[in-house]
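Going down the list, the protein sequences come from chains V and L. So in the working numbering, spot 72 of the first sequence is number 54, and the numbers just go up one at a time. So in the working numbering, spot 76 of the second sequence is number 58, and the numbers just go up one at a time. The beta carbon of each residue, even a glycine, is placed where N, CA and C say it ideally should be. The model shown is predicted, which means the values in this text are computed figures rather than measured ones. Please read the structure below before turning to the comments.
Protein chains: 2
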Amino acid sequence: MTPWLDPAQQRSWRALVEGAGQLLARVDRHLRDAHGLTLAEYEILVRLSEGHLHMSELADQVSHSRARVTQTVDRLVRADLVRRSPCPEDRRGVHAALTDRGRAVLDTAARDHVLEVRRLVIDVLDPDELTALGSAMAKIRDATQD
Amino acid sequence: MTPWLDPAQQRSWRALVEGAGQLLARVDRHLRDAHGLTLAEYEILVRLSEGHLHMSELADQVSHSRARVTQTVDRLVRADLVRRSPCPEDRRGVHAALTDRGRAVLDTAARDHVLEVRRLVIDVLDPDELTALGSAMAKIRDATQD
DNA sequence: ACGAGGTAGTTAAACCGTTAACCATCTCGG
DNA sequence: CCGAGATGGTTAACGGTTTAACTACCTCGT
């Protein structure tokens, strides 16, 4: 029976939604404009940079639907950044791995992406604010996992 | 020439992107499933709950493109939640205002939405964590405004 | 060893958002 | 007072995401 947030909670919540939305939008736009990559595509490339993965491992790691991963990888394959190959020991499975071009594009995109992250996040907070933010967001992320 | 983030910054940044993404996704899904509203539609309704607004004021307040607002409002008008009317003193302008049904739907959606926000955010943080999160996200939001 | 049910992945359609082009109206300097 | 440019708003085409249905393959109990 106490439905509403108090004013301070309101302000925090609004800052959170608006900040989260705009941050993701800016990062996505920067990757598109500067490197022709969606944030979703970029995240897939990052996961693949540690080695080849099954489609569904990929889907779990980035928490996207399998359908979405299929189509994101389709685009990456068309762009010659990722290679698909059938998995030997499970004939349903499909490996995805970076191509050389994929690794090269990711390397330059990643360097630039980090600069943007600094600009938008790291540089506007002092270090303990950043850690506090990180631990709060980790709790929220985990609370949305179930 | 120090391109990378240190491990702690990395963790904070990953918690931030992942948490932000999943939080927005969950809130959007909850509104859709429980009330047939997109988060974008919901935010428009919230702005209109204080009184009628011009399309472009609406666009500024929710920071969406005018085109997007036009189409979001289209859907809301089709659903009979919002009413459009030509603005008397500027014949280019268009007022948007809640219908009675719009106000009713917003009222019940808002109550329920707040419960979800508590579940996902307020209840998983202690109060000073929440204020710290809020002020950090406010800085990030403002840093993405330019 | 076989069939039921689970898992891996893809496909097609509908939906939402972005982009760019567009028309109508307003504003303001010359 | 008039025409250039700015502003308000819509439209259409396109791109990415979700959803649901579908195929192929694997697993495990019987």
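Please list, in chain order, all residues of the same chain as GLN43 of chain V whose beta carbon is under 6 angstroms from its beta carbon, the five residues on each side excluded. Within the first sequence, the letter at position 61 stands for residue 43 of chain V. Here the set comprises ARG29.
Helix or strand or just coil, what does DSSP make of ALA49 of chain L? As a first step, residue 49 of chain L must be located in the second sequence, where it is residue number 67. The three-state secondary structure of ALA49 of chain L, taken from DSSP, is helix.
Alpha carbons only, please: which of V:ASP10, V:VAL(-1) and V:HIS36 is nearest the one belonging to PRO70 of chain V? Counting from one through the first sequence, the residue named residue 70 of chain V turns up at place 88. Among V:ASP10, V:VAL(-1) and V:HIS36, the Cα nearest to that of PRO70 of chain V belongs to V:HIS36.
Starting from the Cα of THR81 of chain L, find the closest Cα among L:LEU97, L:VAL55, L:LEU102 and L:ASP(-12) and give me that residue. The count along the second sequence starts at 1 and reaches residue 81 of chain L at position 99. Among L:LEU97, L:VAL55, L:LEU102 and L:ASP(-12), the Cα nearest to that of THR81 of chain L is on L:VAL55.
For the segment 103 to 123 of chain L and the segment -10 to 4 of chain V, state whether three or more C-beta atom pairs, one from each stretch, are separated by less than 8 angstroms. Flag = yes, the segment 103 to 123 of chain L and the segment -10 to 4 of chain V touch.
Would you report the Cα separation of ASP(-12) of chain V and ARG100 of chain L, rounded to the nearest angstrom? Locating residue -12 of chain V in the first sequence gives position 6, counting from the first residue. Locating residue 100 of chain L in the second sequence gives position 118, counting from the first residue. When rounded, the distance between both Cα atoms is 12 angstroms.
What is the C-beta distance between LEU5 of chain L and LEU102 of chain L, in whole angstroms, given that I count them as a contact (C-beta under 8 angstroms)? On the second sequence, position 23 is the one that residue 5 of chain L refers to. On the second sequence, position 120 is the one that residue 102 of chain L refers to. Confirmed, about 6 angstroms.
With C-beta atoms as the reference, is ALA86 of chain V less than 7 angstroms away from ARG65 of chain V? As a working mapping, residue 86 of chain V is identified with position 104 in the first sequence. As a working mapping, residue 65 of chain V is identified with position 83 in the first sequence. Cβ atoms of ALA86 of chain V and ARG65 of chain V: not closer than 7 angstroms.
Do VAL96 of chain L and PRO109 of chain V have their beta-carbon atoms positioned less than 7 angstroms apart in this structure? Working through the first sequence from its first residue, we reach residue 109 of chain V at position 127. Working through the second sequence from its first residue, we reach residue 96 of chain L at position 114. No, they are not a contact pair.
Can you tell me which of the three DSSP states ALA78 of chain L falls into? Position 96 of the second sequence holds residue 78 of chain L. For ALA78 of chain L, the secondary structure class from DSSP, reduced to helix, strand or coil, is strand.
Note the first and the last residue of the continuous alpha helix (DSSP H) segment covering VAL28 of chain V. One-based indexing of the first sequence puts residue 28 of chain V at position 46. In the DSSP assignment, VAL28 of chain V falls within the unbroken alpha helix (DSSP H) covering 21 to 30.
Should THR126 of chain L be flagged as near chain V, meaning a C-beta pair shorter than 7 angstroms? As a first step, residue 126 of chain L is located in the second sequence; it is residue number 144 there, counting from the start. At least one chain V Cβ lies under 7 angstroms of THR126 of chain L.
C-beta contact flag for ALA114 of chain L and ALA2 of chain V at 7 angstroms: Here residue 114 of chain L refers to the residue found at position 132 of the second sequence. Here residue 2 of chain V refers to the residue found at position 20 of the first sequence. Result no, Cβ atoms of ALA114 of chain L and ALA2 of chain V do not sit closer than 7 angstroms.
Secondary structure at LEU35 of chain L, three-state DSSP: helix, strand or coil? As a working mapping, residue 35 of chain L is identified with position 53 in the second sequence. Strand, per DSSP.
Which value, in whole angstroms, describes the spacing of the CA atoms of SER67 of chain V and GLY75 of chain V? Mapped onto the first sequence, residue 67 of chain V falls at position 85. Mapped onto the first sequence, residue 75 of chain V falls at position 93. Rounded to whole angstroms, SER67 of chain V to GLY75 of chain V spans 9 angstroms at the Cα level.
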